[in-house]
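Q: For the sequence shown, the working numbering gives the first residue as 1309, with consecutive numbering after it.
All C-beta atoms, glycine included, are put in the ideal place defined by N, C-alpha and C.
I have a structure here, written as structure tokens, and I will follow up with some questions on it.
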Amino acid sequence: MSIVPKETVETAIGDFYDMAARLTEEYGKIFTKIANQPTTAEDPAASVMSDFSQAFKELGEAVVHNPTKIMADQMAMMKKQQEIFQNITLRFLGQEVEPVIHPEVSDKRFKDPQWQDNPVFDFIKQWYLLQGQSLMQMVKDTDGLSDHSRKKVEYLLRQYINALSPTNFASLNPEVIRKTLETGGENLVSGLAQLRQDMEDSVQGALNVAMTDTSAFQVGRNVATTPGKVIYQNDLMQLIQYTPTTKTTFKRPLLIIPPFINKYYILDLREKNSFVKWLVDQGHTVFVISWVNPGASLRDKSFTDYMHEGPLDAVKAIELATGETEVNAIGYCLGGTLLSATLAYLKKKGQDPIKSATFMATLTDFSQPGEIGVFINETAISALEKQMATVGFYDGRQMAFSFNTLRENDLFWSFFINNYLKGERPAAFDLLYWNTDSTNLPAAMHSFYLRNMYLHNKLIEKDGIELDGVKIDLSAVKVPAYFVSAAQDHIALWQSTYKGVKTLGGKNRFVLGGSGHIAGIVNPPEANKYGYWTNETLPADADDWFKGAENHEGSWWIDWQSWVLQQGGMESVPVRTPGDGKLAIIEDAPGKYVKQRIIDVAHK
1309 MSIVPKETVE
1319 TAIGDFYDMA
1329 ARLTEEYGKI
1339 FTKIANQPTT
1349 AEDPAASVMS
1359 DFSQAFKELG
1369 EAVVHNPTKI
1379 MADQMAMMKK
1389 QQEIFQNITL
1399 RFLGQEVEPV
1409 IHPEVSDKRF
1419 KDPQWQDNPV
1429 FDFIKQWYLL
1439 QGQSLMQMVK
1449 DTDGLSDHSR
1459 KKVEYLLRQY
1469 INALSPTNFA
1479 SLNPEVIRKT
1489 LETGGENLVS
1499 GLAQLRQDME
1509 DSVQGALNVA
1519 MTDTSAFQVG
1529 RNVATTPGKV
1539 IYQNDLMQLI
1549 QYTPTTKTTF
1559 KRPLLIIPPF
1569 INKYYILDLR
1579 EKNSFVKWLV
1589 DQGHTVFVIS
1599 WVNPGASLRD
1609 KSFTDYMHEG
1619 PLDAVKAIEL
1629 ATGETEVNAI
1639 GYCLGGTLLS
1649 ATLAYLKKKG
1659 QDPIKSATFM
1669 ATLTDFSQPG
1679 EIGVFINETA
1689 ISALEKQMAT
1699 VGFYDGRQMA
1709 FSFNTLREND
1719 LFWSFFINNY
1729 LKGERPAAFD
1739 LLYWNTDSTN
1749 LPAAMHSFYL
1759 RNMYLHNKLI
1769 EKDGIELDGV
1779 KIDLSAVKVP
1789 AYFVSAAQDH
1799 IALWQSTYKG
1809 VKTLGGKNRF
1819 VLGGSGHIAG
1829 IVNPPEANKY
1839 GYWTNETLPA
1849 DADDWFKGAE
1859 NHEGSWWIDW
1869 QSWVLQQGGM
1879 ESVPVRTPGD
1889 GKLAIIEDAP
1899 GKYVKQRIID
1909 VAHK
């Protein structure tokens, strides 16, 4: 038997103590930062938790009055616990047994072979899955719980269950254990350093885990690269006109209104999936609004200001740039909500410069807000308003964290494990770079939006919302509209966006794409992915629409192009190059507004 030299053992022990000292130092820095963070009773997170507590109180009362199903669920869980014990014992004796419980097909946490091959890890996995699924089932089986409270309980319970996954603990994750043995613990030291840095870059109450190598991307260099010029700007936006790539162009220009909770270049990430470039290549004269990333100085900018300084100013600028008084308009997500309100405002004013409207993943009826609805209540909004009154805006990093918790395993815990436990740096991924390039929202605008749309759903009410002294009515809008949504969208449920087709009063079309909020919209024809559904009739119920829908391969972009060509004003005219009209070029696209990052504008 070979003997390990004394010097080698002493070196290993020394390395271990050195690593432990560095871990202690990093932990100390992190705990000091947490301890020094100020907290107040008006903290929105505290108010949200108070509201969740009420939901759990309602759950407790419901359980007391209806205990039968819960007891049955507990007995079923205990039976499966015994089966797991028996199976693991048989596995240690060398017998093959069928698992009592399996992860969901979409659950990527237990892909390492050790979770199946090693009886100990297999036991931990099955025990965890059983407890988690049993808890969720008990909530589902509880009678007498309101739908709103049930959703809150299920959301928070899901956060708790997924936070306690054995994959999130270094000593229980076989991948992390191997990495730790291979590196002598260097992965944990590196991971803690990354955690400390991410905490420095995060806003209070939210840990924004790094999802990508931000140094790999630069707006205007390898994302947002379609050639164009900024031809107009005001406090809230820059207007980009793109350089033509065709010999002629359609007479009626096209205006894109992106959401102001994100940056526009999700529609111009790379050449091969750029919706902007595709539109230019089809012969459209394309204009895109690039919203500012607001700081405290813009705290009083309202939803009305976003309408005037956004689409309305853009339409006027397009006329100066091209001589055209008519435009087609596309609104994405919140940009579409703004577009619908703008159309209703113009209708009341007796103006109609926008001749067709396209709504991509857009809510106009907020009665079913999707999973984000768990955060929408008077308590949380009031607390958020108090916070915004102090700082002047809603920090985009808070919103990003909230949205990430709606898909916590994919958008939080997977990166937590990779960055902090494995000590690895996240890979370069343009979509995730965009996802982390957040924008703030002015206090006045965001308060109006949350209260009038999400909380009280006034946008669909006749005269329910007043903009610049004008009470608007969406049903009075007769502009032909194209609605496209995504089947797996968890932010804007397609069944909810479908209601917009029945709200606006024009000749409308609804198309359903595959995938989610981003991939279902940014789906270029060349990729030939996901497909889409169409139905020439518009029944009152969304599910009835789907029952009669026809599935098509490829991208909805082709269907939209065919539709917009039927709306008139699409005859060919000579191309318009930025700067040829009455507006001088300000700077090259993508412009300075989109390059402003949160850490640079927070206090401006």
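Along the chain, where does the alpha helix (DSSP H) that runs through Gly1704 open and close?
A: Unbroken alpha helix (DSSP H) run through Gly1704: Gly1704 to Asn1712.
Q: Sorted by chain position, which residues of the same chain lie with C-beta nearer than 6 Å to Val1538's C-beta, five sequence neighbours on each side aside?
A: Counting only Cβ-Cβ distances below 6 Å, and skipping sequence neighbours, we find Gln1546, Ile1548, Ile1894, Glu1895 and Gly1899.
Q: Among Ile1569, Val1484 and Ile1907, which residue has its Cα nearest to the Cα of Phe1711?
A: Measuring from the Cα of Phe1711, the nearest candidate turns out to be Ile1569.
Q: Excluding the five sequence neighbours on either side, which residues of its own chain have a C-beta within less than 6 Å of the C-beta of Trp1853, listed in chain order?
A: These residues qualify, in order along the chain: Asn1843 and Pro1847.
Q: Just to confirm my understanding: we take Phe1364, look at its own chain, exclude 5 residues before and 5 after, and list those with CB closer than 7 Å. What are they?
A: Val1461.
Q: Anyone know if the C-beta pair for Leu1729 and Gly1499 falls short of 7 Å?
A: A contact, by the Cβ cut-off of 7 Å.
Q: Return the chain-ordered ranges of every beta strand (DSSP E) run that is complete within the region 1527 to 1613 and spans a minimum of 3 residues.
A: Correct list: 1536 to 1541, 1545 to 1550, 1556 to 1558, 1562 to 1565 and 1594 to 1599.
Q: Exposed or buried, Pro1602, counting other C-beta atoms within 10 Å across all chains shown (16 or more means buried)?
A: With 16 or more Cβ atoms within 10 Å of its Cβ, Pro1602 is classed as buried.
Q: Whole alpha helix (DSSP H) runs in the region 1841 to 1888 with 4 or more residues, listed along the chain?
A: List check, alpha helix (DSSP H) in window: 1850 to 1855 and 1864 to 1873.
Q: Any contact between the region 1458 to 1476 and the region 1399 to 1415? By contact I mean 3 or more CB pairs, one from each, below 8 Å.
A: Counting Cβ pairs under 8 Å, fewer than three are found: no touch.
Q: Excluding the five sequence neighbours on either side, which residues of its own chain have a C-beta within less than 8 Å of the C-beta of Ala1735, listed in chain order?
A: Within the same chain, Ala1735 has close Cβ partners Thr1520 and Asp1521.
Q: Am I right that Trp1721 and Ser1473 are in contact with their C-beta atoms under 8 Å? What's the rounded C-beta distance?
A: Yes, they are in contact, since the Cβ atoms of Trp1721 and Ser1473 sit about 7 Å apart, within 8 Å.
Q: Is the region 1683 to 1696 close to the region 1637 to 1657, with three or more CB pairs under 8 Å?
A: These segments do not touch.
Q: How would you call Phe1477, buried or exposed, if buried means at least 16 neighbouring beta carbons within 10 angstroms?
A: Classification for Phe1477: exposed.
Q: Within 10 angstroms of the Cβ of Met1379, are there 16 or more other Cβ atoms? Answer buried if so, exposed if not.
A: Exposed is the call here.
Q: Secondary structure at Tyr1838, three-state DSSP: helix, strand or coil?
A: Three-state DSSP puts Tyr1838 in coil, outside helix and strand.
Q: So Asn1470 packs on Asn1717, CB below 8 Å; how close in whole Å?
A: Yes, they are in contact, since the Cβ atoms of Asn1470 and Asn1717 sit about 6 Å apart, within 8 Å.
Q: State the beta-bridge partners of Lys1779 as determined by DSSP.
A: Beta-bridge pairing links Lys1779 to Glu1774.
Q: Can you list, in chain order, the residues of its chain whose CB lies under 7 Å from that of Met1615, leaving out five sequence neighbours each side?
A: For Met1615, where only same-chain residues beyond five positions count, the Cβ hits under 7 Å are Leu1646, Ala1649, Thr1650, Tyr1653 and Leu1775.
Q: Nearest to Ala1631 by alpha carbon, out of Thr1805, Arg1715 and Lys1559?
A: According to the sequence shown, residue 1631 is Gly rather than Ala. Minimum Cα distance to Gly1631 is reached at Lys1559.
Q: Pick from Ser1457, Phe1791, Asn1481 and Val1588: whose alpha carbon is nearest that of Phe1724?
A: The shortest Cα separation from Phe1724 among Ser1457, Phe1791, Asn1481 and Val1588 belongs to Asn1481.
Q: Let me confirm a value: Gln1434 is counted as buried when at least 16 other C-beta atoms fall within 10 Å, else exposed. Which label applies?
A: Answer is buried; the Cβ neighbour count reaches 16.
Q: Out of Gly1839, Pro1411, Asn1581 and Asp1738, state which residue places its alpha-carbon closest to the alpha-carbon of Val1819.
A: When only C-alpha atoms are compared, the closest one is Gly1839.
Q: Which same chain residues end up closer than 6 Å to Ala1328 when comparing Cβ atoms and leaving out the 5 residues on each side of it in sequence?
A: Note that Ala1328 scores 48 on pLDDT, short of 50, meaning its location in the model is unreliable and no value can be drawn from it.
Q: With a threshold of 8 Å on Cβ separation, who are the neighbours of Ala1857 within its own chain once the five nearest residues in sequence on each side are excluded?
A: Around Ala1857: Leu1820, Trp1841, Thr1842 and Asn1843.
Q: Cα-Cα, which of Leu1562, Lys1377 and Ile1597 is closest to Asp1621?
A: With distances taken between Cα atoms, Asp1621 lies closest to Ile1597.
Q: Mapping the DSSP letters down to three states, classify Ala1789 as helix, strand or coil.
A: Ala1789 falls in the strand class under three-state DSSP.
Q: DSSP three-state call for Asn1816: helix, strand or coil?
A: In the structure shown, Asn1816 sits in a strand (DSSP, three-state: E or B).
Q: Which one of Gly1824, Gln1422 and Arg1759 has the shortest CA to CA distance from Arg1486?
A: Here the closest residue by C-alpha is Gln1422.
Q: Helix, strand or coil: how does DSSP classify Ala1897 here?
A: Residue state, collapsed to three classes: coil.
Q: Can you name the residues that DSSP bridges to Phe1701?
A: In DSSP, Phe1701 forms a bridge with Pro1750.
Q: Determine the closest residue to Phe1611 out of Asn1760, Ala1518 and Leu1628, with distance taken between C-alpha atoms.
A: For Phe1611, the nearest C-alpha among the options comes from Asn1760.
Q: My assumption, with CB atoms under 8 Å, is that Ile1564 sits in contact with Ile1638. Please give the rounded CB distance.
A: About 5 Å; that satisfies the 8 Å criterion.
Q: Less than 7 Å between CB atoms is the rule here; does Met1386 satisfy it with respect to chain C?
A: Looking for chain C here will not work: only one protein chain is present.
Q: Less than 6 Å between C-beta atoms, sequence neighbours within five positions excluded: which residues of the same chain meet that for Lys1576?
A: First, the residue type needs correcting, since residue 1576 is Asp and not Lys in the sequence shown. Closer than 6 Å at Cβ, skipping near neighbours: Ala1532, Thr1534, Ser1582 and Val1584.
Q: Along the chain, where does the alpha helix (DSSP H) containing Ile1638 start, and where does it finish?
A: Taken as a continuous stretch (DSSP letters only), Ile1638 belongs to no alpha helix (DSSP H), being part of the beta strand (DSSP E) at Val1635 to Tyr1640.
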